[in-house]
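S.K.:
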Amino acid sequence: MAATPAPPQAPPKPTWDPRRPEPPFPWLRPTIRIRLTLLYGGMFLIAGILLLSIIYLLAANALNVGSKLPFEIVSGGVSSNTCNLPSSAPAGELNRALNDCVNLQREHALNDLLSRSLLALLGLAVIAFAFGYAMAGRVLAPLGRITRTARAVAGSDLSRRIELDGPDDELKELADTFDDMLERLQRAFTAQQRFVGNASHELRTPLAINRTLLEVHLSDPGAPVELQQLGKTLLATNERSEQLVEGLLLLARSDNQI
């Protein structure tokens, strides 16, 4: 008869306490909502200040360029490098040409301001998206640790714990709750294994005695045929019961808890 394995021991109590006391001011907890709000609000404020500063500088440059007259008064007429002004024309036609030249320079300055502002906005948008992506990954990084632990538990390792460090936010609360659930599950499975092991151990002895008695009676050549037939039936039933007990013992010895 094989030696009966010792029943599994209860798992040690964790060194961490998943049920921590509530802070005196729960609304001041650095939750994920508050952290993301501060991060994205601060990023939006900084990006807005930078964009306003860039637009201010561009507008100042555009005003400086636009305030210059696009023509020069020379002896005998008016000269311009940007506009086609008539060399000799009546005063009314010359004034219209000068107004068109001024409007053209103003339009050119506004278009230049718009294009540079769009480029500045595009650059700040790229920086904002990269910063937001990096910050979101940093804030949500504990989810990867929780996921890896959950996969390890799904692979029948109830001894794994997350034990997440960091700010007292929703993710840490989730990790502590998950650890508490794993602790309860491990204790429940350990108690189940202990019960199965003890019950199987207690059943092996009477089954072995029954098998011995049946074999002794079946070895008697003078036993009636009906009694021998009944003994064989009981012996087969006893053998199936022993196989069931051996299966329970194998289950109790198994490391696969799930």
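Counting in this note's numbering, the sequence shown runs from 1 upward without gaps. Here a beta-carbon is modelled for each residue, glycine too, at the ideal position from N, C-alpha and C. The model shown is predicted, which means the values in this text are computed figures rather than measured ones.
Go ahead and label Pro5 buried or exposed: buried means 16 or more other beta carbons lie within 10 angstroms of its beta carbon, across all protein chains shown.
M.R.: Summary for Pro5: the model assigns pLDDT 48, below 50, so the residue's position carries little reliability, and this model does not support an answer.
S.K.: Look at Ile127 and Ile146 and say whether their C-beta atoms are less than 8 Å apart.
M.R.: Their beta carbons are not under 8 Å apart, which means Ile127 does not touch Ile146 by this criterion.
S.K.: Indicate whether Thr31 and Asp169 have their beta-carbon atoms separated by less than 8 Å.
M.R.: It is a contact, given that the beta carbons lie within the stated cut-off.
S.K.: One question on the structure: do Leu50 and Leu124 come within less than 8 Å of each other, judged by their Cβ atoms?
M.R.: For Leu50 and Leu124, yes; Cβs fall inside 8 Å.
S.K.: In this structure, how does DSSP classify Ala109 when only helix, strand and coil are distinguished?
M.R.: Ala109 falls in the helix class under three-state DSSP.
S.K.: Over the uninterrupted alpha helix (DSSP H) stretch that includes Thr177, give me the two end residues.
M.R.: Run containing Thr177: Glu170 to Leu218, per the alpha helix (DSSP H) assignment.
S.K.: Going by CA-CA distance only, name the one from Glu202, Pro206 and Arg151 that's closest to Ser159.
M.R.: If we check each option's Cα against that of Ser159, Arg151 comes out closest.
S.K.: Tell whether a beta-carbon distance below 8 Å holds between Ala252 and Gly197.
M.R.: Taking 8 Å as the Cβ cut-off, Ala252 and Gly197 qualify as a contacting pair.
S.K.: In the DSSP assignment, find the alpha helix (DSSP H) that holds Glu226 and state where it starts and stops.
M.R.: Per DSSP, Glu226 belongs to the alpha helix (DSSP H) from Val225 to Arg253.
S.K.: Using the beta-carbon count (16 or more within 10 Å), is Ser200 buried or exposed?
M.R.: Flag for Ser200 reads buried.
S.K.: Rounded to whole angstroms, what's the CA-CA distance from Pro18 to Asp179? Just pull it up for me.
M.R.: Low confidence applies to Pro18: its pLDDT is 47, below 50, so where it sits in the model is not reliable enough to give any reading.
S.K.: Quick check on DSSP: helix, strand or coil for Leu164?
M.R.: Reduced to three states, the DSSP call for Leu164 is coil.
S.K.: Could you tell me whether the Cβ atoms of Leu207 and Glu242 are closer together than 8 Å?
M.R.: Their beta carbons are under 8 Å apart, which means Leu207 touches Glu242 by this criterion.
S.K.: Based on Cα-Cα distance, which residue from Arg33, Lys232, Arg204 and Asn238 lies nearest to Leu248?
M.R.: Of the candidates Arg33, Lys232, Arg204 and Asn238, the one whose C-alpha sits nearest the C-alpha of Leu248 is Arg204.
S.K.: The alpha helix (DSSP H) with Leu143 in it runs from where to where?
M.R.: Start and end: Ala141 to Ala154.
S.K.: So, is Pro224 buried or exposed, given that buried needs 16 or more other C-beta atoms within 10 angstroms?
M.R.: Classification for Pro224: exposed.
S.K.: Just to confirm, is the Cβ distance from Arg211 to Asn238 under 8 Å?
M.R.: Against a cut-off of 8 Å, the Cβ pair of Asn238 and Arg211 comes out as a contact.
S.K.: Hey, Ala59 and Leu113 are a contact pair by Cβ (cut 8 Å); roughly how many whole angstroms apart?
M.R.: Right, the Cβ-Cβ distance comes to about 6 Å (below 8 Å), so this counts as a contact.
S.K.: Can you tell me which of Glu226, Gln229, Thr190 and Met43 puts its alpha carbon nearest to the alpha carbon of Ala134?
M.R.: The shortest C-alpha separation from Ala134 is found at Met43.
S.K.: Buried or exposed for Gln229, please, with buried defined as at least 16 other CB atoms from any protein chain shown within 10 angstroms of its CB.
M.R.: It counts as exposed.
S.K.: Inspect the beta-carbon positions of Leu218 and Leu235 and report whether they are closer than 8 Å.
M.R.: The answer is yes: Cβ separation under 8 Å.
S.K.: Could you tell me the alpha carbon to alpha carbon distance between Ala191 and Met181, rounded to whole angstroms?
M.R.: Using only the alpha carbons, I get a separation of about 15 Å.
S.K.: Beta-carbon of Leu52 versus every beta-carbon of chain B: anything under 8 Å?
M.R.: Of the chains in the structure shown, none is chain B; there is only one protein chain.
S.K.: Can you find the residues in the same chain that come closer than 6 Å, C-beta to C-beta, to Leu171, ignoring five residues on each side of it along the sequence?
M.R.: Once the five neighbours on either side are set aside, the close Cβ partners of Leu171 are Pro142.
S.K.: Hey, would you say Tyr40 sits closer than 8 Å to Gly132, going by beta carbons?
M.R.: Contact flag set, yes.
S.K.: Identify whether Met1 lies in helix, strand or coil by the three-state DSSP scheme.
M.R.: For Met1, the predicted structure reports a pLDDT of 41, less than 50, and the residue's modelled location is therefore unreliable. The matter cannot be settled from this model.
S.K.: Whose C-alpha, out of Gln105, Asn64, Val139 and Gly48, is nearest the C-alpha of Arg33?
M.R.: The residue with the shortest Cα to Cα distance from Arg33 is Val139.
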